[in-house]
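Please read the structure below before turning to the comments.
Numbering (this note's numbering), first residue to last: 21 to 180.
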């Protein structure tokens with residue numbers, strides 16, 4: 021399979037999970053957190069083996085492999101960090117659909133472990149703007165980003 025075929029399959033697979041409820045620590049189609057969704061999609065196309073990966077682990081893995089890119093585009097991923105790399109820790113990740121939109125499991129947090137709580141908080145796999153690219157950051161319970169948040173884009177297909 022070519023890199024572009026892998027990217028297309030990865031994106032098709034990610035789209036299939038829109039509407040799946042958010043579940044803290046979730047890593048399968050019964051409920052995802054942000055890194056669980058990315059792991060599922062990566063494993064489907066052979067980009068990741070098994071393991072217990074968190075957003076920070078994935079960011080460090082791909083940053084070390086030279087996957088960083090300047091701008092978002094279809095199939096790359098966006099990591100939100102508390103500080104710039106190399107010292108920053110990634111706390112959220114989503115899949116870029118283009119240079120303005122990303123698909124990800126969002127809106128939950130550690131207290132969201134049931135479908136009922138996810139519904140109450142509108143916590144699902146969904147499409148949303150990439151905040152620092154298309155709008156100013158607004159602090160709210162649903163958007164934990166702050167003015168000093170950092171984002172990093174990576175083309176994970178450069179690695180695998």
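Note that CB positions come from ideal geometry on N, CA and C, so glycine has one too.
Taking the alpha-carbon of residue i as reference, which of the options has the nearest alpha-carbon?
{"i": "residue 95", "options": "111, 89, 132, 117", "result": "117"}
{"i": "residue 134", "options": "30, 53, 176", "result": "53"}
{"i": "residue 11", "options": "179, 174, 178", "result": "For the chain, the structure presents residues 21 to 180; residue 11 sits outside this window and is missing."}
{"i": "residue 17", "options": "177, 146, 179, 172", "result": "Outside the shown range of the chain, which is 21 to 180, sits residue 17, and nothing can be said about it."}
Can you pull the DSSP bridge partners for residue i?
{"i": "residue 105", "result": "Partner(s): none; residue 105 has no beta bridge."}
So, is residue i buried or exposed, given that buried needs 16 or more other C-beta atoms within 10 angstroms?
{"i": "residue 39", "result": "exposed"}
{"i": "residue 21", "result": "exposed"}
{"i": "residue 114", "result": "buried"}
For residue i, report the span of its alpha helix (DSSP H) as first-last.
{"i": "residue 27", "result": "23 to 35"}
{"i": "residue 135", "result": "135 to 140"}
{"i": "residue 75", "result": "75 to 84"}
{"i": "residue 116", "result": "Where residue 116 is concerned, there is no enclosing alpha helix (DSSP H), although the beta strand (DSSP E) it sits in stretches over 110 to 116."}
Below 6 angstroms CB to CB, which residues in the same chain sit around residue i once its five sequence neighbours on both sides are set aside?
{"i": "residue 26", "result": "65"}
{"i": "residue 56", "result": "46, 47"}
{"i": "residue 74", "result": "55"}
{"i": "residue 60", "result": "none"}
{"i": "residue 41", "result": "51, 135, 138, 144"}
Under DSSP, the beta strand (DSSP E) around residue i begins and ends at which residues?
{"i": "residue 124", "result": "121 to 126"}
{"i": "residue 59", "result": "Counting along the chain, residue 59 falls outside any beta strand (DSSP E), though it belongs to the alpha helix (DSSP H) covering 54 to 64."}
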